[in-house]
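Student: In the order they appear, the protein sequences are chains A and B.
Position 398 of the first sequence, counted from 1, bears residue number 413 in our numbering, the numbering being contiguous throughout.
Position 190 of the second sequence, counted from 1, bears residue number 444 in our numbering, the numbering being contiguous throughout.
Okay, here's the structure, questions in a sec.
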Amino acid sequence: MYRPSVMFGLVVLGAVSCVGGFEGGMGEGEGGAGGTGATGGSGGSGGQASPVECKGALDVGLTALPRLTPAEYNNTVQYLLKDTTLRPGDSFSGSASAVDGAAVSKNEVAQYVEAAERMAAKAVTNMAALLSCDTATVGEDECAKRFIDSFGRRAYRRALVDEQRNGLFNVYRVNKAAAGFAKGIETVVQAFLLSPEFIYRVEVGTPSGTANINRLDGYELATRLSYLLWATTPDDTLLSSAAMGKMDTVDGIRTEVRRMMGDTKTRRTITAFHDQWLLDDFSSLTKDTRVYATFTPALRQAMRDETVKFAENVVADGDGRLQTLFTAPYTMVNATMATFYGMPGITGTAFVKADVDPAQRAGLLTHPSLMSLYAKANMSSPIFRGKFVREGLLCQHIPEFGGEIKPPDPNPNLTTRQLFAEHTKNPSCAGCHTLMDPLGFGFENYDGIGRYRTTDNKKPVDANGEVTGTAAVDGKYVGAVELAKKLAASSEVHECVANQWFMYAFGRDITNKYDTCSREQVFGAFRSANQNIRELIAALTVSDAFRHKRLTLGGN
Amino acid sequence: MLRRDFLKGLGTAAGAMPLLAATSRKAEAGLYPKRLIFVFSGNGTIAERWAPTGTETDWTPGRILEPLLPHKSHVNVLDGIKNETSYHGPGDGHMKGIGCLLTGTELLAGTQFKCGGTNPCAGWGGGISLDEYLANTLSARGQLPTKFRTLNLGVGVGGATVWSRMSYAGADRPNTPITDPAVVFQTVFKDLTLSRTDLDRLRAQKKSVLDYVTGRIGSVQQRVGADDRLKLQAHLDGIRDIERQLATAQPSACTAPAVPTATTRSPFPEQLKAQTDLMVKALSCDLTRIVTLQWGQSVSGVRMTWIPGVDRGHHDYSHDGDTNADSIEKLTLINRWYTEQFAYLLEQLKLVREGDGTMLDNTVVVWGNELGRGNSHSRERIPFVMAGSAGGYFRTGRYLKYAKDPHQNLLVSLCHAMGVEDQAKFGNPAYCTGPLRGLR
Chain A
16 MYRPSVMFGL VVLGAVSCVG GFEGGMGEGE GGAGGTGATG GSGGSGGQAS PVECKGALDV
76 GLTALPRLTP AEYNNTVQYL LKDTTLRPGD SFSGSASAVD GAAVSKNEVA QYVEAAERMA
136 AKAVTNMAAL LSCDTATVGE DECAKRFIDS FGRRAYRRAL VDEQRNGLFN VYRVNKAAAG
196 FAKGIETVVQ AFLLSPEFIY RVEVGTPSGT ANINRLDGYE LATRLSYLLW ATTPDDTLLS
256 SAAMGKMDTV DGIRTEVRRM MGDTKTRRTI TAFHDQWLLD DFSSLTKDTR VYATFTPALR
316 QAMRDETVKF AENVVADGDG RLQTLFTAPY TMVNATMATF YGMPGITGTA FVKADVDPAQ
376 RAGLLTHPSL MSLYAKANMS SPIFRGKFVR EGLLCQHIPE FGGEIKPPDP NPNLTTRQLF
436 AEHTKNPSCA GCHTLMDPLG FGFENYDGIG RYRTTDNKKP VDANGEVTGT AAVDGKYVGA
496 VELAKKLAAS SEVHECVANQ WFMYAFGRDI TNKYDTCSRE QVFGAFRSAN QNIRELIAAL
556 TVSDAFRHKR LTLGGN
Chain B
255 MLRRDFLKGL GTAAGAMPLL AATSRKAEAG LYPKRLIFVF SGNGTIAERW APTGTETDWT
315 PGRILEPLLP HKSHVNVLDG IKNETSYHGP GDGHMKGIGC LLTGTELLAG TQFKCGGTNP
375 CAGWGGGISL DEYLANTLSA RGQLPTKFRT LNLGVGVGGA TVWSRMSYAG ADRPNTPITD
435 PAVVFQTVFK DLTLSRTDLD RLRAQKKSVL DYVTGRIGSV QQRVGADDRL KLQAHLDGIR
495 DIERQLATAQ PSACTAPAVP TATTRSPFPE QLKAQTDLMV KALSCDLTRI VTLQWGQSVS
555 GVRMTWIPGV DRGHHDYSHD GDTNADSIEK LTLINRWYTE QFAYLLEQLK LVREGDGTML
615 DNTVVVWGNE LGRGNSHSRE RIPFVMAGSA GGYFRTGRYL KYAKDPHQNL LVSLCHAMGV
675 EDQAKFGNPA YCTGPLRGLR
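Okay, structure coming up:
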């Protein structure tokens with residue numbers, strides 16, 4: 016049901032009090048503070064800005080020993096073993112993101128062992144594909160040695176050291192003696208797949224000159240790049256670049272990033288990010304079928320795909336701008352979604368670009384996926400939608416109501432908006448609900464599965480809303496299309512999106528003080544590039560946080 | 255239900271049960287080990303349809319518990335137990351309800367989970383859970399000779415979140431339940447299908463690989479920071495667990511069950527039955543004595559469409575108001591269905607003969623929930639049901655009323671029943687007053 020929502024509601028910008036509105040609480044966030052966030056050396060729209068220079072001592076946050084996520088694990092073993100049918104990670108109960116930080120449990124270790132044994136047994140059934148040498152020519156032991164070196168460089172994402180090489184050859188030797196050459200190779204593959212250097216992203220680095228912070232070496236950076244941009248292990252080109260010292264400079268990193276972002280594997284990252292940021296838990300969403308009979312698993316899947324395909328279209332294929340993501344007068348549809356929207360002439364399962372009525376829809380925010388997720392099972396929910404905007408798009412914080420909530424059931428004589436009018440009448444509700452409801456009322460043109468509507472329970476929809484608590488876009492608005500435009504122009508939203516990417520990239524929440532400068536580096540670059548998300552992603556990779564590893568929080 | 259159809263397969267375990275040395279307890283349990291099974295289902299119940307009527311010894315179960323009637327003399331219904339810990343520390347009601355259930359310890363603060371604005375937000379559980387604690391303690395005393403110190407099983411349990419984890423190896427160390435019946439088979443029973451020679455060869459092979467892996471963990475640990483080292487230590491613990499299993503003798507008189515046909519994509523009831531059957535088999539073979547079994551998780555969204563009229567997710571229903579008669583009825587049916595599964599489990603335990611009695615007599619089964627009621631998230635009346643006497647330790651057949659006694663007291667009593675008799679409190683001592691009254 017719930018998965019960790021790394022992207023949502025974690026960010027506290029100032030202390031928002033439920034009582035008496037939010038004056039005094041807002042505006043204290045880092046975005047408005049300036050700090051060291053000057054965009055020095057910015058090249059403007061070219062996106063070749065040097066990282067913002069941080070004043071003061073080097074500082075970065077801590078993410079302890081990231082473990083491959085199930086998706087990363089799948090991608091990695093498919094590449095290593097040249098077998099795209101391998102998906103053992105699907106049955107792992109690990110987190111979709113490395114952010115949870117939980118240590119591995121004994122059953123997960125057992126799962127790794129089981130998966131490694133199964134994959135290794137399968138791999139040696141096609142020895143020719145696995146080995147790069149011919150045992151008849153070079154001899155079994157020599158071939159095993161070469162295999163250990165070549166497979167090992169990919170599996171460990173760097174050249175092996177003797178300790179590893181000798182240990183692995185010993186595994187081979189012992190098992191070959193007991194059960195033959197193939198078993199020797201099979202157990203070596205198991206040993207690789209069970210090594211900490213494979214399951215985790217081991218980062219050691221070299222002293223940076225600042226206590227407790229090491230500078231990553233080229234291989235470690237290559238690994239970070241590859242898992243961030245491609246959700247898989249570095250390819251040989253990237254490893255070679257690391258070996259040649261090309262990752263040691265910002266320019267070298269940029270060159271690799273440019274190459275990598277031209278690869279379709281980057282779409283994995285765009286998809287995974289938007290899934291986690293916007294559609295947490297969407298795959299288990301159910302509706303009251305008496306009210307929303309059309310909300311089938313197939314429609315749900317199509318809605319989710321629409322959103323990630325749209326994000327891919329904007330970020331990978333389009334102009335990359337956040338404003339486009341929020342306000343585009345088009346979306347991506349297949350036959351299922353075309354039917355949903357009432358668009359004629361679109362057939363098949365492939366998603367194609369299609370214009371929407373710009374008076375009714377704008378970018379991501381009015382997507383049926385989001386409108387369904389942030390709704391109740393049997394009606395829309397201005398509260399969930401307002402909360403989503405406040406927390407997910409503005410990165411502000413809404414305190415939890417400590418009492419017992421008894422939500423109203425639908426009333427055939429009232430619109431949804433009327434049903435929730437109590438919130439603003441009752442002062443004990445209003446404190447918090449003024450943070451949510453006025454932001455959410457503008458979405459009332461979309462029912463609980465995102466269908467556009469002008470009436471609700473036979474009464475006209477009132478989509479008047481109000482933005483509050485922002486620096487520059489406060490004010491009344493009508494409908495989600497106008498709201499989307501307001502939000503797209505908000506520097507708080509820009510910073511929030513930058514921070515969401517930051518959390519995605521580093522697997523840690525952004526309220527920690529250690530990452531302040533790195534976040535400013537990333538946000539500064541995003542701002543200089545006119546909110547181009549491709550440049551935002553590139554900026555992540557040259558930030559201090561990306562190029563360094565904090566060893567411990569102790570001593571700070 | 256077609257329950258009777260699959261009784262046959264399990265009966266074999268009874269005759270095959272080896273006589274075991276009384277290693278775990280010198281007491282009257284005698285030749286048979288004591289076992290603990292902790293079962294979880296989520297989203298609370300409808301107390302007025304759950305609670306029995308009548309007196310302690312002369313009672314009639316509510317509609318939800320009616321399927322327990324055939325087992326009434328083996329059952330205790332505990333009404334009025336409060337999960338006091340879950341009213342402290344960070345986290346929402348579901349998180350704390352499941353995360354404190356077996357730990358009796360507040361959740362840690364953390365940032366990794368959506369927390370609805372509670373401040374601070376919750377991280378993982380804050381302490382060791384009962385199952386792990388008993389395994390550690392009994393192992394240290396040389397009283398847990400089983401191949402698997404514990405088994406953590408689940409059905410329809412979601413990804414790694416504080417909402418979905420009940421068992422903890424320690425603070426910040428959630429245990430992942432095995433949800434795939436095929437993996438349970440592979441892990442627990444596969445060795446039983448091999449010849450002695452093949453098994454020895456396989457063990458030597460595994461050992462050679464794991465020796466290398468433990469060497470690598472040690473080597474990496476020397477080069478990384480303290481936080482990384484801790485995570486590697488957890489990994490090493492998992493490897494050591496497997497090594498210990500490799501070194502433990504197989505129960506010679508036990509045969510592997512059939513390979514389960516259910517997968518994680520099978521209908522929920524099929525998965526649940528498969529996991530239950532495998533669990534009972536593992537216990538009857540004395541491959542383990544301590545088990546947690548999660549039917550779903552907190553906030554379980556399972557759509558139990560096999561129940562007539564049920565079409566929404568369990569959690570959706572659980573949030574409807576008290577005046578919504580339809581939802582109250584659906585929740586009654588949902589919870590009654592879980593009771594049927596609990597009754598099925600008891601039946602299976604009863605089918606394994608142990609001396610003059612059955613395995614149920616030497617077992618204590620506890621069924622808990624993260625909430626008392628779904629729509630209010632109240633945790634003041636957790637619907638605990640116990641079955642089996644743990645070798646005569648508990649007096650059963652009773653309806654016991656409590657006045658918000660802390661659930662940690664029950665955890666203390668379970669320690670005592672399992673042979674850790676010197677346990678004064680469990681979890682945070684601030685919310686525990688000693689063993690739960692009235693159970694003996």
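Beta carbons are placed, not taken as given, at the ideal position from N, Cα and C, and that holds for glycine.
Predicted model only: the values in this text are computed from it and were never measured.
Does DSSP put Ile544 (chain B) in a helix, a strand or coil?
Tutor: Reduced to three states, the DSSP call for Ile544 (chain B) is strand.
Student: Looking at chain B, is there any beta carbon in it that lies within less than 8 Å of the beta carbon of Thr577 (chain A)?
Tutor: Given a span of 16 to 571 for chain A in the structure shown, any question on residue 577 (chain A) remains unanswerable.
Student: Step through the CB atoms of chain B and report whether any lies within less than 8 Å of the CB of Leu555 (chain A).
Tutor: Taking Cβ atoms only, chain B never reaches closer than 8 Å to Leu555 (chain A), which makes this a no.
Student: Starting from Met640 (chain B), follow its DSSP beta bridges and name the residues at the other end.
Tutor: Its beta-bridge partners are B:Asn330 and B:Val620.
Student: Run through chain A and tell me which residues come within less than 7 Å of Tyr592 (chain B), C-beta to C-beta.
Tutor: Under the 7 Å cutoff, chain A gives no residues; its nearest Cβ is about 16 Å from Tyr592 (chain B).
Student: Measuring straight from C-alpha to C-alpha, what distance separates Ser462 (chain B) and Gly220 (chain A)?
Tutor: Going from the Cα of Ser462 (chain B) to the Cα of Gly220 (chain A) covers about 30 Å.
Student: For Gly567 (chain B), which of helix, strand or coil comes out of DSSP?
Tutor: Looking at Gly567 (chain B) - three-state DSSP - the assignment turns out to be strand.
Student: Taking only the alpha-carbon atoms, compute the straight-line gap between Tyr215 (chain A) and Leu537 (chain B) and give it to the nearest angstrom.
Tutor: When rounded, the distance between both Cα atoms is 34 Å.
Student: By the criterion of Cβ-Cβ separation under 7 Å, what are the contact partners of Tyr653 (chain B) in chain A?
Tutor: Chain A residues near Tyr653 (chain B): none, gap ~28 Å exceeds 7 Å.
Student: Since Gly550 (chain B) and Gly296 (chain B) should fall inside the 8 Å C-beta cutoff, what is the C-beta to C-beta distance between them, to a whole number of angstroms?
Tutor: Confirmed, about 5 Å.
Student: Can you check which of these residues, B:Met533, B:Asn616, B:Leu392 and B:Thr314, is closest to Ile755 (chain B) by C-alpha distance?
Tutor: Only positions 255 to 694 of chain B appear in this structure, which leaves residue 755 (chain B) out of reach.
Student: Is the Cβ-Cβ distance between Asn616 (chain B) and Lys288 (chain B) less than 8 Å?
Tutor: Going by C-beta atoms, Asn616 (chain B) is nearer than 8 Å to Lys288 (chain B).
Student: Who are the near neighbours of Lys391 (chain A) in its chain, counting only those whose CB is closer than 7 Å to its CB and skipping five residues on each side?
Tutor: Around Lys391 (chain A): Gly463.
Student: Anything in chain B within Cβ reach of Glu572 (chain A), meaning under 8 Å, just list it in chain order.
Tutor: Lying before the first or after the last residue shown, residue 572 (chain A) is absent from chain A, which here runs from 16 to 571.
Student: Tell me which residue opens and which closes the alpha helix (DSSP H) that His325 (chain B) is part of.
Tutor: Counting along the chain, His325 (chain B) falls outside any alpha helix (DSSP H), and DSSP gives it neither H nor E.
Student: From Thr687 (chain B) to Met640 (chain B), what does the alpha carbon distance come to, in whole angstroms?
Tutor: Their Cα atoms are separated by approximately 20 Å.
Student: So for Val553 (chain B), helix, strand or coil by DSSP?
Tutor: In the structure shown, Val553 (chain B) sits in coil (DSSP, three-state: anything other than H, G, I, E or B).
Student: Specify whether the region 595-610 of chain B and the region 567-584 of chain B touch according to this definition: at least 3 beta carbon pairs, one from each stretch, less than 8 Å apart.
Tutor: Output reads no: the region 567-584 of chain B does not touch the region 595-610 of chain B.
Student: Quick check: Ala499 (chain A) and Ala350 (chain A), are their CB atoms within less than 8 Å of each other?
Tutor: Not in contact: Ala499 (chain A) and Ala350 (chain A) (Cβ atoms no closer than 8 Å).
Student: Could you work out which residues of chain A lie near Thr430 (chain B), taking near to mean beta carbons separated by less than 7 Å?
Tutor: Within 7 Å Cβ-Cβ: Ser108, Ser120, Asn122 and Glu123.
Student: Which residues bound the alpha helix (DSSP H) around Pro660 (chain B)?
Tutor: Counting along the chain, Pro660 (chain B) falls outside any alpha helix (DSSP H), though it belongs to the beta strand (DSSP E) covering Arg652 to Pro660.
Student: Determine, for Leu80 (chain A), whether the minimum Cβ-Cβ distance to residues of chain B falls below 8 Å.
Tutor: For Leu80 (chain A), the answer is yes, since a Cβ of chain B falls inside 8 Å of its Cβ.
Student: Would Trp245 (chain A) and Asp278 (chain A) qualify as a contact pair, given that the criterion is a beta-carbon distance under 8 Å?
Tutor: Against a cut-off of 8 Å, the Cβ pair of Asp278 (chain A) and Trp245 (chain A) comes out as a contact.
Student: What's the gap between the Cα of Tyr234 (chain A) and the Cα of Leu254 (chain A)?
Tutor: Between Tyr234 (chain A) and Leu254 (chain A), the C-alpha separation is close to 7 Å.
Student: By DSSP's criteria, Thr307 (chain B) is part of a beta bridge. Which residues make up the other side?
Tutor: In the DSSP output, where bridge partners are listed per residue, Thr307 (chain B) has B:Thr314.
Student: Under 7 Å Cβ to Cβ from Ala305 (chain B), same chain only, skipping five residues before and after it: list those, please.
Tutor: Cβ neighbours of Ala305 (chain B) beyond the five flanking positions: Gly316 and Asp333.
Student: List, in order along the chain, the chain B residues whose C-beta lies closer than 7 Å to that of Thr470 (chain A)?
Tutor: Within 7 Å Cβ-Cβ: nothing; Thr470 (chain A) doesn't reach chain B, min ~25 Å.
Student: Using the Cα positions of Ser449 (chain B) and Arg455 (chain B), report the straight-line distance between them to the nearest angstrom.
Tutor: Answer to the nearest angstrom: the Cα atoms are 10 Å apart.
Student: Counting C-beta neighbours from all protein chains within 10 Å, is the total for Lys440 (chain A) 16 or more, i.e. buried, or is it exposed?
Tutor: Result: exposed.
Student: What whole-angstrom Cβ distance do Leu446 (chain B) and Cys508 (chain B) have, given they're in contact under 8 Å?
Tutor: About 6 Å; that satisfies the 8 Å criterion.
Student: I need the straight-line Cα distance from Leu319 (chain B) to His661 (chain B), nearest angstrom please.
Tutor: Leu319 (chain B) and His661 (chain B): Cα-Cα distance of roughly 20 Å.
Student: Taking CB distances under 8 Å as the criterion, tell me whether Pro425 (chain A) reaches chain B.
Tutor: With 8 Å as the cut-off, Pro425 (chain A) does not count as an interface residue toward chain B.
Student: When you compare the CB positions of Asp452 (chain B) and Ala118 (chain A), do they come within less than 8 Å of one another, or not?
Tutor: No, the Cβ-Cβ distance between Asp452 (chain B) and Ala118 (chain A) is not below 8 Å.
Student: Give me the Cα-Cα distance between Ser256 (chain A) and Arg432 (chain A), rounded to the nearest whole angstrom.
Tutor: Their backbone Cα atoms lie some 58 Å apart in a straight line.
Student: Roughly how many angstroms lie between the CA atoms of Arg180 (chain A) and Ile163 (chain A), to the nearest whole one?
Tutor: So the alpha carbons of these two residues sit roughly 7 Å apart.
Student: When the Cα of Thr542 (chain B) is compared with those of B:Gln397, B:Leu625 and B:Tyr656, which residue comes out closest?
Tutor: The option with the nearest alpha carbon to Thr542 (chain B) is B:Gln397.
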